[in-house]
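Numbering (this note's numbering), first residue to last: 788 to 938.
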């Protein structure tokens, strides 16, 4: 069966999306490493914990929320835990379920890191778009998230 090749418009959009994601993620990661000593993924682990009312989540749920594997999350959690920014414990009555909890030091680390991170994201993306364009882009990408992705 012949592949369904991208037409010129699809290819151009794909190349733009690819360049935008690669460059933006690299720039954001670089900013976080330089200014906060965190990788982009480690930052998002802390951020996703902070968004929970209890500042805790099952590791399996946290992996989904951060778009990472359990292995990647465990590696990041090791570093974050060694820095005192999160703790892990077994879920009550469940030997195999582990809960990650954002510590007060982790909360401080996140709140100290957030302004630089948000500034980098705003500078790279949102300062170049109107609020109408942001809404339109969000809505245009919405059908892609039907595939079970999270954000």
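We treat Cβ as the ideally placed atom computed from N, Cα and C, and that holds for glycine.
Bear in mind that the values here come from a model prediction, so they are computed numbers and not experimental data.
DSSP beta-bridge partners of residue i
| i | result |
| --- | --- |
| residue 875 | 887 |
| residue 845 | 886 |
Among the options, the one whose alpha carbon lies nearest that of residue i
| i | options | result |
| --- | --- | --- |
| residue 849 | 788, 915 and 889 | 889 |
| residue 834 | 817, 813 and 854 | 854 |
| residue 812 | 830, 928 and 865 | 830 |
| residue 912 | 875, 794 and 808 | 808 |
| residue 828 | 897, 924, 921 and 874 | 897 |
| residue 819 | 902, 927, 923 and 865 | 902 |
| residue 795 | 788, 803 and 925 | 803 |
| residue 860 | 918, 825, 797 and 832 | 832 |
| residue 891 | 878, 882 and 868 | 868 |
Contact set for residue i: own chain, Cβ-Cβ below 8 Å, skip 5 residues either direction
| i | result |
| --- | --- |
| residue 899 | 823 |
| residue 847 | 857 and 884 |
| residue 836 | 842, 843, 844, 849, 873, 887, 888, 889 and 893 |
| residue 864 | 832, 846, 873, 875 and 887 |
Residues near residue i in its chain [Cβ-Cβ closer than 6 Å; skip 5 each side]
| i | result |
| --- | --- |
| residue 916 | none |
| residue 843 | 886 and 888 |
*Entirely enclosed alpha helix (DSSP H) segments - the segment 801-868, minimum 4 residues*: 827-837 and 846-852
*Touching by the beta-carbon criterion (3+ pairs, under 8 Å), the segment 806-821 and the segment 903-912*: yes
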